[in-house]
Structures are given as structure tokens and as C-alpha cells.
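Protein sequence lines, in the order shown, are assigned to chains G and R.
Under my numbering, the first residue of the first sequence carries the number 1, and numbering increases by one thereafter.
Under my numbering, the first residue of the second sequence carries the number 321, and numbering increases by one thereafter.
Where is the CB? At the ideal position from N, CA and C, for every residue including glycine.
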Amino acid sequence: MAEVLALVERTDGSVRKASLELLALARRLGEPAAVVYGPAEDAVVKTLGDHGATRVYSVDHPELAEFLVAPKADALVTVIRRTTPAAVLVTAGREGTEVAARAAVRLDSGIITNAVDVTAGDGGPLVTQSVFSGTWTTQSQVVRGTPIITVRPNAAAPEVVPVEPVVESVPVEIAETSRASRIANHVPKTGTGRPDLADAAVVISGGRGMGSAEAFGLLEELADAMGGAVAASRAATDLGWYGHDFQIGQTGKTVAPQLYLASGISGAIQHRAGMQGSRTIVAINKDPNAPIFGIADLGVVGDAHTVLPALIAEVQRRKA
Amino acid sequence: MKIVVLVKHAPDPSATVRYADDLTVDRASVDGHLSELDEYAVEQAVSLVEKGLPATVTYLTMGPEGAVDGLRKALAMGGDDAVHISDEALHGSDSLSTSLVLSKALERIGFDLVVCGMASTDGEMSVLPAMLADRLGVPQVTFASALSVDNGAVTIRRDADSAVEEVVATLPALVSVTDQSGEARYPSFKSIIAGRKKPVTTWTLADLGVEPALVGAAGAASVVRSAAPKPPRGSGEVIVDDGQAATQIADFLVAQKLL
């Protein structure tokens with residue numbers, strides 16, 4: 001059975017949940033193998049093996065972190081040429097998408113982005129996408145080259161299927177033209193202590209109706225009570241109430257958690273595009289005509305400033 | 321110095337989009353406009369010149385006849401001239417062939433700096449800037465939330481998920497800018513009139529020396545097998561808070577096994 005490569009991302013050294021989801025999808029298509037930038041530490045190899053990776057390809061080169069994107073594409077292309085996989089899966093996100101895009105050009109291979117599902121099909125993987133702000137569902141296939149597919153987080157659940165992976169270190173040469181965009185300064189962002197927004201099972205989100213930056217403290221409290229992440233609408237981030245990194249919607253992040261709780265968010269189409277793939281949507285808004293109620297599984301017409309503190313207390317009481 | 325801004329004429333985000341029988345987006349049936357995310361690219365290019373960078377600004381687009389409207393909107397915001405690549409054979413092109421055609425056009429126009437938006441508002445792939453940089457062999461300096469050009473180099477601030485980075489590259493280079501780079505201007509009546517008088521050149525594939533077999537549906541490396549409108553997400557119960565809403569939400573979450 002041909003290998004299917006999953007490009008692994010790490011945050012603070014540990015494997016991202018989204019990468020484990022790629023391995024679960026890869027198992028449907030062939031033999032899952034992982035590609036890791038940097039050294040493959042024992043703990044990383046164990047995690048990947050626990051989730052079905054039969055091989056772990058480690059590409060390590062100091063210039064991977066020195067220049068933007070292109071060296072990582074060099075590395076991925078090297079592994080693809082060496083292994084001739086049946087498909088390559090990459091988590092959709094700024095860097096992953098660009099690495100995938102460059103690999104597609106180098107290999108003259110078709111690329112399909114932002115998959116919400118991938119299944120085995122006649123003549124190659126069948127890729128499901130949710131397009132035009134989630135109003136259409138399409139299924140597409142790559143018909144030339146190695147299928148390169150970027151996958152949205154939460155498209156599949158990680159599966160525990162332990163194997164003992166073979167670790168292979170792949171030497172890579174960085175092209176002269178890839179040493180072009182130098183990362184002159186890199187300031188890591190301090191973590192929030194909450195789950196990564198894209199990977200979170202519960203997302204507590206606030207908009208203009210929250211009224212102030214301080215009111216986001218309520219959302220954080222609720223998120224912490226439920227083990228979730230905090231997000232915001234563009235209106236709220238533009239007002240400076242919460243960081244742009246946490247913006248949901250067309251120009252921000254697309255999430256598909258188990259629960260999306262929208263508080264004080266009217267639900268413009270650009271916002272809905274980023275969250276309507278969520279399994280369950282709960283909305284709190286003062287305006288009974290807010291469009292968000294049209295897609296909410298439970299809508300509450302009310303004031304977030306009274307509903308949220310009561311809800312926090314209620315959640316804490318039931319969890320105790 | 322020569323700046324080329326890539327723009328796309330995309331369906332209005334609030335428009336009802338349909339797929340045609342050949343499973344391509346039916347662009348003729350919807351109102352289009354300059355992709356909102358490209359307005360940020362136009363803004364950055366025009367303001368670089370206003371801030372004193374000695375440069376001309378050329379817009380480049382590829383698309384059916386209506387795509388000229390996108391160029392006119394950009395020209396109303398500023399800049400000098402525009403190129404429209406229009407050819408029947410391009411219908412159904414995927415991102416690989418689109419990047420091939422645009423790279424040939426960029427080579428023909430010549431450039432020191434290419435500025436793109438962070439994504440189109442229709443396809444939302446975000447792959448073209450990286451693809452173009454790869455094809456052109458120039459530095460990719462993408463997802464800029466701030467941008468400056470100085471001494472033959474471009475410097476950007478790139479907001480990644482886990483870090484804020486400063487990225488530097490020597491010109492010629494390709495930049496993409498985010499919606500955080502600066503609010504796009506609203507053209508005045510006077511600038512709209514001025515924009516109408518600026519030259520727009522139309523090129524075909526033959527002008528670019530690209531074989532029609534490499535583009536369009538025939539040259540696509542990926543194909544849409546099916547497209548179906550998603551049934552609208554039905555709304556559930558809407559309750560009015562009478563002091564019991566928190567309990568009702570908690571009960572609902574328990575029933576959904578979310579709590």
C-alpha cells in the first residue's frame with residue numbers, strides 16, 4: 001500500500017492535534033507516514049506512532065527557521081520525491097498552505113485547499129470542501145501529479161492505533177532562491193494557557209455586543225470553566241477589545257468546534273463563514289432579529305452581561 | 321521603480337452563487353466587485369507612492385470581460401495603468417494554471433515589487449502569492465500586516481499564530497498584505513473620473529506565449545466532481561431570557577453532551 005504523507009506541526013514541542021487528525025485521514029487513503037521539520041524526538045515519534053504513523057521522516061536543516069516558507073517547501077518536496085506518496089496532507093493555515101502551494105508548483109501536482117473531509121475514491125482521494133461562506137459543498141479530485149491537500153482542523157478525530165514507527169532522517173538541500181526572505185526577528189507570542197483556537201472543542205466568542213474589552217473577561221471565565229478557547233468577531237478585534245489572532249471569520253480563523261457560543265455577535269456573513277461548520281451553535285444577543293439566531297441551535301434573546309455570569313456559575317456548579 | 325498589484329474581480333460576498341453545468345462558478349449570473357481583500361493591496365501600493373517611493377503602479381487581473389470593473393475600481397483608488405488577461409481558453413483554470421499565466425504576465429510587464437491580497441474572497445485559497453514567488457524565483461514576503469520599502473529591500477511584519485516576525489527581502493520581491501495593513505481608501509468622485517481615463521491593456525494567451533492546452537478545464541490538475549448547495553442550517557429554539565436563560569443553556573449543553 002502506498003504511503004500517504006502527513007506534514008506534522010508542533011506547538012511548544014508537542015504535536016498539534018490537527019496533525020494527528022491528518023494521520024487519521026491518511027489511514028483511509030493508504031499507509032500513514034509523518035513528515036517532521038527538525039529532529040524527531042522520542043516523545044514526538046511515540047505520539048505519531050500511537051496515532052498510526054508507520055514511518056516518520058525527519059528533515060532537519062538550520063535554514064528551515066532562518067527563511068520564510070521556501071526552505072520548508074524544499075524539504076517537503078525532497079521527501080515527496082523520495083517516497084512517491086499516494087497523497088500529501090497538510091493542515092490548512094498560513095504557513096502550511098504556502099508550503100503546500102510551492103510544493104504543488106514544483107511537482108506540477110494538483111492542490112485542493114481547506115478540506116473538511118477526505119475519503120478514498122476511484123482515481124484518488126475525494127476531497128470535500130465547504131465553499132462560498134459555507135453555502136455550497138463540493139467534492140473534488142486531483143487528476144495530475146501527487147494530490148496535495150490542505151485540511152481544516154477538526155475535519156476528523158484523531159485515532160489511537162499504536163504502531164512502532166521507522167524513523168528516517170532525510171537530508172535536504174536548500175535552494176539558493178529559497179534563501180530569500182530572511183526572518184530578521186522572531187518574537188514568540190505568549191500562550192494563553194487555553195487550547196489552540198483552531199483545535200479547540202469549545203469556542204466562546206464575543207462581539208460588539210460585549211460592550212468593552214473588560215467584558216471579555218466573562219468569556220475567558222466561561223471558556224476556562226469549559227476547557228475552551230476564546231474568540232472574537234472582527235468588530236470586536238477592530239475595536240481593540242481582543243487580539244486579532246483570535247478573530248473568527250473570512251479574514252481570521254475558520255473553526256469547527258463541538259460547541260461555538262456566540263455572545264453579542266450579530267452574525268454577518270463574513271463571520272458565519274468562519275464558524276458555521278461548528279457542530280452546535282449557541283447564541284446570546286439582545287437583538288431578536290440578529291442573523292446569528294438563524295443558524296443557532298439554541299438562541300437566547302438577552303443581555304450577555306447578566307446571562308454570562310449566571311451561566312459561568314451554573315457550569316461551575318454542574319462540573320463540581 | 322515598478323509596482324504591480326494583482327487584483328481579482330470576485331462575486332459579491334452577499335450574492336447567491338451558483339455552479340454552472342460544467343461545475344465551474346457561474347460568474348455571469350452574480351454581481352462582482354473588486355475582491356475586498358485586494359483593496360488592501362491597492363491601498364498599500366498607492367500609499368507607498370504617496371509616501372515618496374518613486375514608482376508607477378500597474379494593476380493586473382485575469383478573468384472574463386466583467387473583470388475590467390475590478391481594474392477600474394483599483395484605478396479609481398490610484399495608480400497608473402492596468403493589464404487585463406482575457407481569453408476564452410482560461411475558463412475553468414485552477415490555481416496552478418492561473419499562477420502560470422499571471423507569472424508570464426508579470427515577467428512581461430516587469431516589476432520590482434508585486435503586491436497581492438492575502439486571499440481572494442471567493443476561492444479563499446491563499447495559494448497564489450506563494451505559487452507566483454516560486455515560479456518567478458523571487459522572495460515571498462507574505463501576510464504582511466505592515467510594509468515598508470527602503471534601499472532596494474522590503475520589510476514586513478508577519479503575524480503568525482505563534483510569533484510575530486519581521487521578514488526582510490531584497491527587491492524584486494512579492495508581497496501579500498492582510499486586512500490589518502491599513503484601511504483601504506474610498507475613491508472620491510474626482511478620482512473615479514480620473515480612473516476611467518487610465519489605460520487598460522488586454523492580453524490574450526497568445527500575447528503571453530502560453531499554450532491554451534495548459535490552462536482552463538483542459539489543463540486543470542484538479543477538478544470539481546460535484547457541487548451541491550448546503551441546506552440552510554436550520555435555526556433551533558430561540559428563547560427570551562426571563563432570568564432562567566443560564567439554566568436553560570446549561571440544560572441544553574448537558575442534553576448535547578457538551579457539559
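What residues from chain R crowd round residue 207(G), counting only those whose CB sits closer than 7 Å? Numbered from its first residue, the first sequence carries residue 207(G) at position 207. Neighbours of residue 207(G) on chain R: none; closest Cβ ~17 Å, over 7 Å.
Extent of the continuous beta strand (DSSP E) to which residue 303(G) belongs: Stepping through the first sequence from its first residue, residue 303(G) is reached at position 303. No beta strand (DSSP E) holds residue 303(G); DSSP gives it neither H nor E.
Checking contacts by CB at 8 Å: is residue 142(G) closer than that to chain R? One-based indexing of the first sequence puts residue 142(G) at position 142. Yes, contact with chain R.
Give the DSSP-derived three-state secondary structure of residue 62(G) in the structure shown. Position 62 of the first sequence, counted from the start, is the residue given in the question as residue 62(G). Note: residue 62(G) maps to helix in three-state DSSP.
Buried or exposed: which applies to residue 385(R), given that a residue is buried once 16 or more other Cβ atoms fall within 10 Å of its Cβ? Here the question's residue 385(R) lines up with position 65 in the second sequence. Exposed is the call here.
Where residue 301(G) and residue 413(R) are concerned, what is the direct C-alpha to C-alpha distance, given to the nearest angstrom? Here residue 301(G) corresponds to residue number 301 of the first sequence, with the count starting at 1. Here residue 413(R) corresponds to residue number 93 of the second sequence, with the count starting at 1. If you take the alpha carbons of residue 301(G) and residue 413(R), they lie about 46 Å apart.
Would you mind reading off the limits of the alpha helix (DSSP H) that contains residue 21(G)? Locating residue 21(G) in the first sequence gives position 21, where the first residue counts as 1. Run containing residue 21(G): 17 to 29, per the alpha helix (DSSP H) assignment.
Cα separation between residue 279(G) and residue 23(G)? The sequence position of residue 279(G) within the first sequence is 279, counting from 1. The sequence position of residue 23(G) within the first sequence is 23, counting from 1. Those two C-alpha atoms are separated by around 22 Å.
What three-state label does DSSP hand residue 576(R) in the structure shown? Counting from one through the second sequence, the residue named residue 576(R) turns up at place 256. Here residue 576(R) sits in coil by DSSP.
Give a yes or no on whether the minimum CB-CB distance between residue 114(G) and chain R is below 8 Å. Locating residue 114(G) in the first sequence gives position 114, counting from the first residue. It does; some Cβ of chain R falls within 8 Å.
With DSSP as the reference, identify every bridge partner of residue 438(R), one or two as the case may be. In the second sequence, the residue the question calls residue 438(R) occupies position 118. None, per the DSSP bridge assignment.
Own chain residues within Cβ distance below 6 Å of residue 362(R), not counting five before or after: As a first step, residue 362(R) is located in the second sequence; it is residue number 42 there, counting from the start. Hits under 6 Å: 325, 394 and 397.
Check the Cβ of residue 364(R) against every Cβ in chain G and list those closer than 7 Å, keeping chain order. Working through the second sequence from its first residue, we reach residue 364(R) at position 44. By Cβ distance, chain G contributes nothing, its closest Cβ being about 15 Å from residue 364(R), past 7 Å.
Going by C-alpha distance, which of 7(G), 65(G) and 88(G) is nearest residue 48(G)? The residue given as residue 48(G) occupies position 48 in the first sequence. Selected option, being the one with the closest Cα: 7(G).
By how many angstroms is the C-alpha of residue 253(G) removed from the C-alpha of residue 444(R)? As a working note, residue 444(R) is residue 124 in the second sequence. As a working note, residue 253(G) is residue 253 in the first sequence. Taking the straight line joining both Cα atoms gives about 12 Å.
Using a C-beta cutoff of 8 Å, does residue 567(R) count as contacting chain G? As a working note, residue 567(R) is residue 247 in the second sequence. Residue 567(R) belongs to the set of residues whose beta carbon lies under 8 Å from a beta carbon in chain G.
Which of the three DSSP states, helix, strand or coil, is assigned to residue 72(G)? Translated into the one-based positions of the first sequence, residue 72(G) becomes position 72. Correct three-state label for residue 72(G): helix.
Using a Cβ cut-off of 8 Å (strictly closer), state whether residue 19(G) contacts chain R. As a first step, residue 19(G) must be located in the first sequence, where it is residue number 19. Judged by the 8 Å Cβ criterion, residue 19(G) is not in contact with chain R.
Going by DSSP, what residue range makes up the alpha helix (DSSP H) through residue 94(G)? If you number the first sequence from 1, residue 94(G) lands on position 94. Looking at the DSSP string, the run of the alpha helix (DSSP H) that includes residue 94(G) is 94 to 107.
To the nearest angstrom, how far is it from the Cα of residue 490(R) to the Cα of residue 60(G)? For the purposes of this step, residue 490(R) is taken as residue 170 along the second sequence, with counting starting at 1. For the purposes of this step, residue 60(G) is taken as residue 60 along the first sequence, with counting starting at 1. The alpha-carbon atoms of residue 490(R) and residue 60(G) are separated by roughly 26 Å.
Span separating the alpha-carbon of residue 450(R) from that of residue 92(G): For the purposes of this step, residue 450(R) is identified with residue 130 of the second sequence, where counting begins at 1. For the purposes of this step, residue 92(G) is identified with residue 92 of the first sequence, where counting begins at 1. Distance between the alpha carbons of residue 450(R) and residue 92(G) is about 14 Å.
Please report the straight-line C-alpha distance between residue 142(G) and residue 122(G), rounded to a whole angstrom. The residue labelled residue 142(G) in the question sits at position 142 within the first sequence. The residue labelled residue 122(G) in the question sits at position 122 within the first sequence. If you take the alpha carbons of residue 142(G) and residue 122(G), they lie about 11 Å apart.
Nearest-angstrom Cα distance between residue 52(G) and residue 76(G)? Start at 1 with the first residue of the first sequence, and residue 52(G) comes out as number 52. Start at 1 with the first residue of the first sequence, and residue 76(G) comes out as number 76. Approximately 20 Å, taken between the alpha carbons.
In chain G, which residues lie less than 7 Å from residue 450(R) when you measure between Cβ atoms? The residue labelled residue 450(R) in the question sits at position 130 within the second sequence. Residues of chain G passing the Cβ test: 69, 98, 101 and 102.
Return yes when the Cβ of residue 308(G) is within less than 8 Å of the Cβ of residue 263(G), no when it is not. Counting from one through the first sequence, the residue named residue 263(G) turns up at place 263. Counting from one through the first sequence, the residue named residue 308(G) turns up at place 308. The criterion of a C-beta distance shorter than 8 Å is satisfied by residue 263(G) and residue 308(G).
Can you tell me the Cα-Cα spacing of residue 419(R) and residue 229(G), whole angstroms? Numbered from 1 along the second sequence, position 99 holds the residue referred to as residue 419(R). Numbered from 1 along the first sequence, position 229 holds the residue referred to as residue 229(G). Approximately 37 Å, taken between the alpha carbons.
Residue 614(R), DSSP secondary structure in three states: The question about residue 614(R) has no answer, for chain R in this structure spans 321 to 579.
For residue 180(G) versus residue 74(G), is the C-beta spacing smaller than 8 Å? Residue mapping note: residue 180(G) aligns to position 180 of the first sequence, counting from 1. Residue mapping note: residue 74(G) aligns to position 74 of the first sequence, counting from 1. No. Outside cutoff.
Which value, in whole angstroms, describes the spacing of the CA atoms of residue 191(G) and residue 135(G)? By 1-based counting over the first sequence, the position of residue 191(G) is 191. By 1-based counting over the first sequence, the position of residue 135(G) is 135. Going by the C-alpha atoms only, they are around 34 Å apart.
Alpha carbon to alpha carbon, what distance is there between residue 19(G) and residue 109(G)? As a working note, residue 109(G) is residue 109 in the first sequence. As a working note, residue 19(G) is residue 19 in the first sequence. Taking the straight line from one Cα to the other gives about 22 Å.
At least one CB of chain G closer than 8 Å to the CB of residue 499(R): is that the case? Counted from its first residue, the second sequence places residue 499(R) at position 179. Judged by the 8 Å Cβ criterion, residue 499(R) is in contact with chain G.
Continuous alpha helix (DSSP H) stretch holding residue 507(R): start and end: Against the second sequence, residue 507(R) aligns to sequence position 187. That residue, residue 507(R), is in no alpha helix (DSSP H); it is neither H nor E in DSSP.
How should residue 382(R) be labelled, buried or exposed, when 16 other C-beta atoms within 10 angstroms of its C-beta is the threshold for buried? Indexing the second sequence from 1 puts residue 382(R) at position 62. The residue in question, residue 382(R), is buried, as its Cβ has 16 or more Cβ neighbours within 10 Å.
Is the segment 365 to 375 of chain R touching the segment 473 to 487 of chain R in the sense that three or more CB pairs, one from each, lie closer than 8 Å? no
When the Cα atoms are used, what is the spatial distance from residue 342(R) to residue 139(G)? Along the second sequence, read from residue 1 onward, the residue named residue 342(R) stands at position 22. Along the first sequence, read from residue 1 onward, the residue named residue 139(G) stands at position 139. Cα-Cα distance, rounded: 14 Å.
Simplified DSSP state of residue 244(G), which is helix, strand or coil: Working through the first sequence from its first residue, we reach residue 244(G) at position 244. The answer is helix: DSSP assigns residue 244(G) an H, G or I state.
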